[in-house]
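Numbering (the working numbering), first residue to last: 15 to 440.
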């Protein structure tokens, strides 16, 4: 009776794990449906092994040969490699290689079934004792081969530098392999060996779950980033268009010919750049510089000699987010230079360094106190938009320094590499 109680106690834990695995599979929304079906099959076969092993232990207590023990041991030896084969199917598509691996599993079933006629793999003698034959190693060796393949292809498909979850699949494979080898030397250990199979399967399920959750999180993060970029661009587009048209409006009274020229240039600018304004990707610095040059040309028409522009462009060979330079320059003009009675100068320069490109926008305007609390105006929001797009799209940064009464300097840093085309500024 105590022996039966021990068997039931050994059966309890794997059954709890398998039933719990069914609940997890049913409720999980991250793992794909076809993979869920495979895991259902894996847990079901694991349950079959547990029940078969329990039945074998019951019949092993008899003192005479029983065909039931042969059937149950054939079932256990046949199902171990099949479970590992189904785990491989989770990471390998249907192919000739997988069909070859499947044929080995079929061969194992055939070899194991020979126990009814001979002892090639195992036999049950007259005293009801399990004895392994010369091919008794085949099921364990095939399972080991499958587990090695599983580890290799799991790392190729799922493992990444961001995640070290691959250790889970190594651990689960090692647990099954060690238990199977020990059970070959000590048949009484087979109950433990069969019990660890659902545990290893559940660990591998957690491994895949971690991968799919991380993948889903990264995809959501990328979508949110693109949505944020779209919001930034949508906020900046009407802002720039409004100010440009407002400038042309004033020119219509002051100098109609210049206004006409401004409209012509602005139309050319729109034809060249409106497409890029709706693309949430990096653009050549040359295009952003042309965009800014058009803005400054129109602003100089409005402010005459109160606005001086100096270009010191030493490099163009990089990319940056759309509407990065123009809002900073516009801020320098409107809130730096034009706040001074006599106006001032805006200098735009670019430099190349070993690991980055730098754009500097400097003005000798009124400046401001950088230690003061930022306001909530559209100007401040525009600067935050530029910072957000620089960081999110190219790991860039924006640094602003200012001295009241002396001016402001903004430095945009863009990590390498990039590409652009040559342009000619006016």
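For each residue, glycine too, the CB sits at the ideal point set by N, CA and C.
Quiz item: In chain order, what residues of the same chain have a beta carbon less than 8 Å from the beta carbon of residue 383, not counting five sequence neighbours either side?
Solution: 416 and 418
Quiz item: Which residues in the same chain have their Cβ closer than 7 Å to the Cβ of residue 220, if we skip the five residues on either side of it in sequence?
Solution: 182
Quiz item: Using the C-alpha atoms, what's the distance from residue 168 back to residue 112?
Solution: 15 Å
Quiz prompt | residue 284 beta carbon less than 7 Å from that of residue 315 | solution = no
Quiz prompt | 8 Å Cβ shell around residue 83 - same chain, five flanking residues per side excluded | solution = 70, 73, 74, 138, 142 and 144
Practice problem: In the DSSP assignment, find the unbroken beta strand (DSSP E) run with residue 443 in it and report its ends. | Solution: Nothing in the structure corresponds to residue 443, since the chain is present only between 15 and 440.
Quiz prompt | Euclidean distance between Cα positions of residue 226 and residue 29 | solution = 26 Å
Quiz item: In its own chain, which residues sit with a C-beta less than 7 Å from the C-beta of residue 66, not counting the 5 before and 5 after it?
Solution: 86, 89 and 90
Quiz prompt | For residue 221, the three-state DSSP class (helix, strand or coil) | solution = Looking at residue 221 - three-state DSSP - the assignment turns out to be helix.
Exercise. Whole angstroms is fine: what's the gap from residue 323's alpha carbon to residue 311's?
Key: 9 Å
Quiz item: What residue from 309, 275, 131 and 363 has the CA that sits closest to residue 326's CA?
Solution: 363
Practice problem: Just list the alpha helix (DSSP H) runs in the stretch 73–130, keeping only unbroken ones of 4 residues or longer that don't cross its boundaries, in chain order. | Solution: 81–103 and 110–127
Quiz item: Could you give the distance in angstroms between the alpha-carbon of residue 156 and the alpha-carbon of residue 163?
Solution: 11 Å
Self-check item: Sheet register partners of residue 374 (DSSP bridge)
Solution: 363 and 425
Quiz item: Taking the Cβ atom as the reference point for each residue, do residue 298 and residue 370 lie within a distance shorter than 7 Å?
Solution: no
Practice problem: Could you round the C-beta distance between residue 377 and residue 359 to whole angstroms and report it? I think they count as a contact, below 8 Å. | Solution: With a contact defined as Cβ atoms closer than 8 Å, residue 377 and residue 359 qualify at about 7 Å.
Quiz prompt | Residues bridged to residue 415 [DSSP beta-bridge criterion] | solution = 423
Quiz item: So what does DSSP say about residue 430, is it helix, strand or coil?
Solution: coil
Quiz item: Which same chain residues, not among the five before or five after residue 92, have their C-beta less than 7 Å away from its C-beta?
Solution: Correct list, in chain order: 122, 123 and 126.
Self-check item: Own chain residues within Cβ distance below 6 Å of residue 150, not counting five before or after
Solution: 135 and 136
Quiz prompt | Beta-bridge pairing of residue 146 - partner residues as DSSP gives them | solution = In the DSSP assignment, the residues bridged to residue 146 are 136.
Practice problem: Indicate whether at least one CB of chain D lies closer than 7 Å to the CB of residue 62. | Solution: Although the question refers to chain D, the structure presented lacks it and comprises just one protein chain.
Quiz item: Of the choices 397, 426, 421 and 420, whose alpha-carbon is the least far from that of residue 409?
Solution: 426
Exercise. Can you tell me the Cβ-Cβ gap for residue 97 and residue 215, rounded? I've got them flagged as a contact below 8 Å.
Key: Right, the Cβ-Cβ distance comes to about 7 Å (below 8 Å), so this counts as a contact.
Quiz item: According to DSSP, is residue 307 helix, strand or coil?
Solution: helix
Self-check item: Beta-bridge partners of residue 297, as assigned by DSSP
Solution: 334
Quiz item: So residue 165 is in the alpha helix (DSSP H); what residue range does that whole segment cover?
Solution: Counting along the chain, the alpha helix (DSSP H) containing residue 165 begins and ends at 152–171.
Practice problem: Can you say whether residue 328 is buried or exposed, counting buried as having 16 or more other CB atoms within 10 angstroms of its CB? | Solution: Counting C-beta atoms within 10 angstroms of its own C-beta, residue 328 has fewer than 16 neighbours from the protein chains shown and is therefore classed as exposed.
Practice problem: Verify whether the separation of the beta carbon atoms of residue 99 and residue 119 is less than 7 Å. | Solution: yes
Quiz item: So what does DSSP say about residue 326, is it helix, strand or coil?
Solution: strand
Quiz item: residue 381 and residue 344: beta carbons closer than 7 Å?
Solution: no
Exercise. Identify whether residue 368 lies in helix, strand or coil by the three-state DSSP scheme.
Key: coil
Quiz item: In or out: residue 230 buried (at least 16 other Cβ within 10 Å) or exposed?
Solution: exposed
Quiz prompt | Simplified DSSP assignment, three categories, for residue 358 | solution = Three-state DSSP puts residue 358 in a strand.
Quiz item: CA-CA distance, residue 116 and residue 131?
Solution: 24 Å
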